[in-house]
Amino acid sequence: MTSRTVTLLDVARAAGVSKSTVSDALQGSGRVAEATRDRVRAVAEELGYRPNSAARRLRRASTGAVGLHLPATATRLDYYMNLAFGAVERAQEDGLDMVLLAPSGAAGGRIASRVDGLLVIDPEPGDSAVPGLLDAGVPVVTGERYLGPATGPSGAVVCDNAASLTALLDHVTERGARRPALLAPSGSSAWATALRATAGSWGRAHGVAVTLRTVPFAATPAEAEAATRALLAADPAVDAVICAPDGSAPGVLRAATALGRKVGATSASSASEASGGNGRNGESGRSESGRSESAGPGRPGGAAAAVGTMSAGLLVASCVDGTATRGAEPPVTAVDLRPAAYGRACAELLCDILADRAAPDTVRRHSWSLETRASTGSPG
16 MTSRTVTLLD VARAAGVSKS TVSDALQGSG RVAEATRDRV RAVAEELGYR PNSAARRLRR
76 ASTGAVGLHL PATATRLDYY MNLAFGAVER AQEDGLDMVL LAPSGAAGGR IASRVDGLLV
136 IDPEPGDSAV PGLLDAGVPV VTGERYLGPA TGPSGAVVCD NAASLTALLD HVTERGARRP
196 ALLAPSGSSA WATALRATAG SWGRAHGVAV TLRTVPFAAT PAEAEAATRA LLAADPAVDA
256 VICAPDGSAP GVLRAATALG RKVGATSASS ASEASGGNGR NGESGRSESG RSESAGPGRP
316 GGAAAAVGTM SAGLLVASCV DGTATRGAEP PVTAVDLRPA AYGRACAELL CDILADRAAP
376 DTVRRHSWSL ETRASTGSPG
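Each number in this note's numbering corresponds to the 1-based position in the sequence shown with 15 added.
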């Protein structure tokens, strides 16, 4: 078929599928099995099919808008508001308006008639709206991967959440912590799943049990305070608490104050500094395997170690930076996920897919940084 332009119908006949299936397979939308998608793309390449970019832009520009779906808890979280502003700003650079979708979602057909594409942020497999959004018949970009059974998105922008928690755990142990704990988010989003899994794998690798307490995905400061009180009552030897949910760190600080724990120092770090050690393995009561030799109930010297830890203090850190961590007293060490830039990156990928500047199934990575502050004994 070299004497004329190859059409979608030509590809459909050669692949033995419908024209709409070919369109969905090439655009990365709709419910198309991965094997079928691969076969259609291979046939299209073999026939020399080239999409009519002008026509595609014309069809997609019919609404001049893209949709944004956020988790139901987003309206009270600083992180998602900053992300949304970044996404809106980037979409407008391509002349697109941003439509904020209701958390409950809507039928895919109705959404597809109102927008040219969709952004779905932190999609939960348990969110009943997500499958319909992914099957709405328009390109969809997710912020973080979707771990559910529905059709995958057209593209995704992801953070290395395992690496960010690893950096926090490494930091608090370098500052002297020997019994770290994580207030882990509930739910089955990629972020929550990665944090819980990383706490376990980091602990096994370092010979240190990371205590897990599950809290709501968007835990309030009051919920974080209650969880921290219960955690420290059950295990007074815990000397570092990393809280996952955005905005929950002040609750951890309140619990520490109420229990007489000084935030920003641990007995291990104090002992290390007094002896000239730097708090790393082999220099602060740790064996070469990384296990604590004196801290914790049920171990030699456990009771004395627990008392020492309580009198010396508690390190506090957060998996999400924001106004709550920066404005706390003391300021809280946190992972800056750069939400406005993340929103821009998600919108940019969607714009690129809509304008044929990026291929479907594109995955881009977003960077983060660790901001160390006084809550872990670091200079504010």
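All residues carry an ideal CB built from backbone N, CA and C; glycine is no exception.
Every value quoted in this text rests on a predicted model; they were computed, and no experiment measured them.
In this structure T78 touches V130 by the C-beta definition: roughly 6 Å separates them, less than 8 Å.
Relative to L365, the option among A80, V26 and A389 whose CA is nearest is A80.
Positions of the beta strand (DSSP E) runs, each at least 3 residues long and wholly inside the region 124-198, are given as 132-136, 155-158 and 170-174 in order along the chain. Within the model, the alpha-carbon separation for R190 versus P146 is close to 44 Å. For G215, the enclosing alpha helix (DSSP H) has its first and last residue at A205 to H221. For T338, the number of other beta carbons within 10 angstroms of its own is below 16, and it is reported as exposed. DSSP places D336 in the coil class of the three-state scheme, outside both helix and strand. Within a 10 Å sphere around the beta-carbon of T20 sit fewer than 16 other beta-carbons, which makes this residue exposed. Assignment of T243 by DSSP, reduced to helix, strand and coil, places it in the helix class. Around the CB of G63, fewer than 16 other CB atoms lie within 10 Å, so the residue is classed as exposed. Contact between the region 353-368 and the region 128-142 is present: 3 or more CB-CB pairs across the two stretches fall below 8 Å. For A214, the CB contacts under 8 Å within the same chain, skipping 5 residues up- and downstream, are L180, L184, L197, A199, V225 and L227 in chain order.
For T348, the secondary structure class from DSSP, reduced to helix, strand or coil, is strand.
Judged by DSSP secondary structure, V256 falls outside any alpha helix (DSSP H) and instead within the beta strand (DSSP E) spanning A255 to C258. Residue environment: R380 is assigned as exposed (fewer than 16 neighbouring CB atoms within 10 Å of its CB, all protein chains considered). Annotation: D367 to R244 spans about 48 Å, alpha carbon to alpha carbon. Under the three-pair Cβ rule at 8 Å, the region 161-174 does not count as touching the region 100-111. Under the DSSP definition of a beta bridge, M113 partners with V81.
Per DSSP, reduced to three states, the secondary structure at T36 is helical.
The alpha-carbon separation between P251 and D175 amounts to approximately 31 Å. When rounded, the separation of the alpha-carbon atoms in T157 and G275 is 43 Å. In the DSSP assignment, T377 forms a beta bridge with G170. Contact between P195 and A255 holds, with the beta-carbon distance rounding to 4 Å and staying under 8 Å. Bridge pairing for T226: A196 [DSSP]. A Cβ-Cβ contact shorter than 8 Å links A192 with L330.
According to the DSSP assignment, L23 belongs to the alpha helix (DSSP H) that extends over L23 to A30. Excluding its 5 nearest sequence neighbours in each direction, V37 has C-beta neighbours in its own chain below 6 Å: L23, V26, A27 and V55, listed in chain order. With a 10 Å radius around the Cβ and a threshold of 16 neighbouring Cβ atoms, V335 comes out buried. Spanning the alpha carbons of A205 and L162 requires a straight line of approximately 7 Å.
By the neighbour-count criterion, in which 16 or more other beta carbons inside 10 Å mark a residue as buried, V278 falls on the buried side.
For S382, the secondary structure class from DSSP, reduced to helix, strand or coil, is coil.
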